[in-house]
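Note that the sequence shown covers residues 6 to 118 in this note's numbering. Below you'll find the structure, written out as structure tokens, and then a few comments.
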Amino acid sequence: MYEHSWTERYNGLYNEEVYRYGDITRLAGNLSGKLMLAYGAMDDNVSMAQTLRLCDELNAHNKRYDLVVLPRANHNVPANAYFVRRKMDYFVRNLLGKRIRKSSENKQCRIAT
């Protein structure tokens, strides 16, 4: 699920067996737990079609996931401030079982106890 010019660098010219091994959609049915996908719409390495192909496979296996689309982000979505907040909220909610609440006094986020 990666732009072919990047994968050819490591896998050589197209070989169905090698590329099938690197295709993560084949593992979609094995998902357990929580999954957040993030896609930067300006990404020139992974296309939206590739991301949606993974979503389609997750849907086919009735797997739950969250998809965050960042219209102005490229492949480096972790540098996006909105995504950093969404990721932290996701971890707190799904790993700690808590929720983030915004303090009205100082506009800082706090973990609800």
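Ideal Cβ positions, reconstructed from N, Cα and C, are used throughout, including at glycine. Quantities reported herein were computed from a predicted structural model and do not represent experimental measurements.
Apply the 10 Å Cβ neighbour rule to residue i and answer buried if 16 or more other Cβ atoms are within range, or exposed otherwise.
i: Y44; result: buried
i: L59; result: buried
Is any non-hydrogen atom of the ligand ZN found closer than 7 Å to the C-beta of residue i, if you look at the structure I gave you?
i: R91; result: The ligand content of the structure shown is nil, which means the ligand ZN is not present either.
Secondary structure at residue i, three-state DSSP: helix, strand or coil?
i: M41; result: strand
i: D48; result: coil
i: D28; result: coil
i: N14; result: The residue you asked about is not Asn; residue 14 is Arg in the sequence shown. The answer is helix: DSSP assigns R14 an H, G or I state.
i: R98; result: helix
i: R91; result: helix
I'd like to know whether the C-beta atoms of residue i and residue j end up nearer to each other than 8 Å.
i: M41; j: K92; result: yes
i: E13; j: A33; result: no
i: Y87; j: L72; result: no
i: Y98; j: R90; result: The question names Tyr, but residue 98 in the sequence shown is Arg. Contact: no.
i: K68; j: L100; result: no
i: N20; j: G27; result: no
Can you name the start and end residues of the alpha helix (DSSP H) that residue i belongs to?
i: D61; result: 53 to 65
Between which two residues does the beta strand (DSSP E) carrying residue i extend?
i: V73; result: 71 to 75
The region 48 to 60 / the region 80 to 88 touching (three or more Cβ pairs under 8 Å): Contact holds: three or more Cβ-Cβ distances are below 8 Å.
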